[in-house]
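Contents: one structure, followed by commentary.
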Amino acid sequence: MELWQKQLSASVVKVEDLPFVSGSEVYKEKLRRVSEIFPIRINSYFLEQIKEENDPLWKQVVPSVEELDDFLSAEESLESDPLREERDMPVPELVHRYPDRVLLMLNNQCPIICRFCTRKRKIGFPGIVTRETLRQGIEYIAQHPEIRDVIMSGGDPLLVPDKELERILSALRDISHVEIIRIGTRVPGTLPERITPELCAMLKKYHPLYANLHFNHPDEITPEVERACNRLADAGIPLGSQTVLLKGVNDDVEIMKELMLKLLKMRVKPYYLYQADMTLGTDHFRTTVEKGLEIIQGLMGHISGMAVPYFVIDAPGGGGKVRLLPDTVIERNDKEVIIKNFEGKVFHYPQPVDKKSKPRRADPAVPAATEKLCEMA
Ligand SMILES: *Cc1c(COP(=O)(O)O)cnc(C)c1O
Numbered sequence: 002m003e004l005w006q007k008q009l010s011a012s013v014v015k016v017e018d019l020p021f022v023s024g025s026e027v028y029k030e031k032l033r034r035v036s037e038i039f040p041i042r043i044n045s046y047f048l049e050q051i052k053e054e055n056d057p058l059w060k061q062v063v064p065s066v067e068e069l070d071d072f073l074s075a076e077e078s079l080e081s082d083p084l085r086e087e088r089d090m091p092v093p094e095l096v097h098r099y100p101d102r103v104l105l106m107l108n109n110q111c112p113i114i115c116r117f118c119t120r121k122r123k124i125g126f127p128g129i130v131t132r133e134t135l136r137q138g139i140e141y142i143a144q145h146p147e148i149r150d151v152i153m154s155g156g157d158p159l160l161v162p163d164k165e166l167e168r169i170l171s172a173l174r175d176i177s178h179v180e181i182i183r184i185g186t187r188v189p190g191t192l193p194e195r196i197t198p199e200l201c202a203m204l205k206k207y208h209p210l211y212a213n214l215h216f217n218h219p220d221e222i223t224p225e226v227e228r229a230c231n232r233l234a235d236a237g238i239p240l241g242s243q244t245v246l247l248k249g250v251n252d253d254v255e256i257m258k259e260l261m262l263k264l265l266k267m268r269v270k271p272y273y274l275y276q277a278d279m280t281l282g283t284d285h286f287r288t289t290v291e292k293g294l295e296i297i298q299g300l301m302g303h304i305s306g307m308a309v310p311y312f313v314i315d316a317p318g319g320g321g322k323v324r325l326l327p328d329t330v331i332e333r334n335d336k337e338v339i340i341k342n343f344e345g346k347v348f349h350y351p352q353p354v355d356k357k358s359k360p361r362r363a364d365p366a367v368p369a370a371t372e373k374l375c376e377m378a
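To convert, count from 1 in the sequence shown and add 1; that's my numbering.
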């Protein structure tokens, strides 16, 4: 067994084994009920990175009784499938929402189970994705020439064994209209030993390949994680990141700044910052939208533009991602646009005008030859 397989099989999956859970037997009994609905998984690598109760890593993986509150509350907008992915599945476990790209689920297993997961309804329950759903997914892609971008998701596609993963990649590469393949994964940041030289050597045969890695807090970036990201980048895979805005974990400008700069430094280009979805059992992680805008405002202009992700809301009901920006346009009309920079200073940018309809400017600096040109026009 390889190290990462040992770390995965030594995962905490039971309430009794959770780290730093003080609390009464009654409380633990409630947690047991939570875990029957939403399973627990903390692999032994990630477990080692947790330093204490309520630290930013602990909060992401240790269940809370608040997960059950959503079942009791009158908040009806919370759903088990807030993005209506199931509605946009022409075949099982393949989401076709945008014109030219699809999301293909390779499994339901993850290196850790995030308590705020948007696919909380599926993750950790085996048997949803099967060889047959995969076959149908690949067949659907082959039959739809408009699909040029396939996003491998799950679960976590990098938990699929090398051989099986190669079989899928090679089947996708056999489809001539598939231009790029993306891997959406939390493995590099939560089970870095999985990124073996053998895996990278295999992946690099299937370029152009991109990967978007899930990171939420600077404490997730350890020397092991840096090495994993380096290996992927050295295999020629451009790396992006996706981050979920989480109350009590990373809803803070300074924490986000540190995270984005650390990512950029290890060749991971921050891609998306997500407003938390309206997923049943995750409401206690939700911040206001203003918090996200405030964070983007605190990043834009202050640090490299390369380090600033797009802030998006994945529209409830399945509308897809919508980008939000802090207000940089104060006013816009036919004559000018009034804009605000990162320091809050205001600038006027004039719109182009039809020069012929305007009286000529009397400018002594204009040389005689130019005068001549103007007369000719
Ligand atoms: C996010 C997402 C994509 C990819 O969107 P990009 O903006 O191209 O990164 C594709 N399909 C689904 C269903 C998605 O949720």
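For every residue, glycine included, the Cβ atom is placed at its ideal position computed from N, Cα and C.
Residue 210 is not a Cβ neighbour of residue 141, given a cutoff of 8 Å. From the listed residues 339, 311, 332 and 319, the smallest Cα separation to residue 326 is found for 311. Each of 96, 98, 99, 102, 104, 152 and 322 has a C-beta closer than 6 Å to some heavy atom of ligand 1; these make up the full list, in chain order. Of the candidates 360, 355 and 331, the residue whose Cα lies closest to the Cα of residue 347 is 331.
A check of alpha carbon separations from residue 115 across 166, 188, 182 and 181 identifies 188 as the nearest. Under the three-state reduction of DSSP output, residue 231 falls in the helix class.
If you look at residue 203, you'll find it in the alpha helix (DSSP H) that goes 198 to 204. With fewer than 16 other Cβ atoms from the protein chains shown falling within 10 Å of its own Cβ, residue 28 counts as exposed. Put simply, the backbone Cα of residue 281 is about 12 Å away from that of residue 35. Per DSSP, the continuous beta strand (DSSP E) segment holding residue 243 begins and ends at 240 to 245. Of the candidates 42, 80 and 83, 42 places its Cα closest to the Cα of residue 64.
Restricting attention to 277, 262 and 338, the CA atom closest to the CA of residue 270 is found in 262. DSSP places residue 332 in the uninterrupted beta strand (DSSP E) bounded by 330 to 333.
Its Cα nearest to that of residue 231, the residue 212 stands out among 86, 137, 80 and 212. Assignment of beta strand (DSSP E) within the stretch 98 to 145, counting only whole runs of 3 or more residues, yields 102 to 106 in chain order. Between the stretch 100 to 110 and the stretch 47 to 55, the count of Cβ pairs shorter than 8 Å is below three; the stretches do not touch.
In the structure shown, residue 337 falls within a strand segment according to DSSP collapsed to helix, strand and coil. By the neighbour-count definition (other C-beta atoms within 10 Å, threshold 16), residue 9 is a buried residue. Annotation for residue 280: no beta strand (DSSP E) segment contains it, and DSSP assigns it neither H nor E. Fully enclosed alpha helix (DSSP H) runs of no fewer than 4 residues occupy 26 to 38 and 45 to 50 of the stretch 13 to 50, in order along the chain.
Per DSSP, the unbroken beta strand (DSSP E) holding residue 322 starts and ends at 321 to 325.
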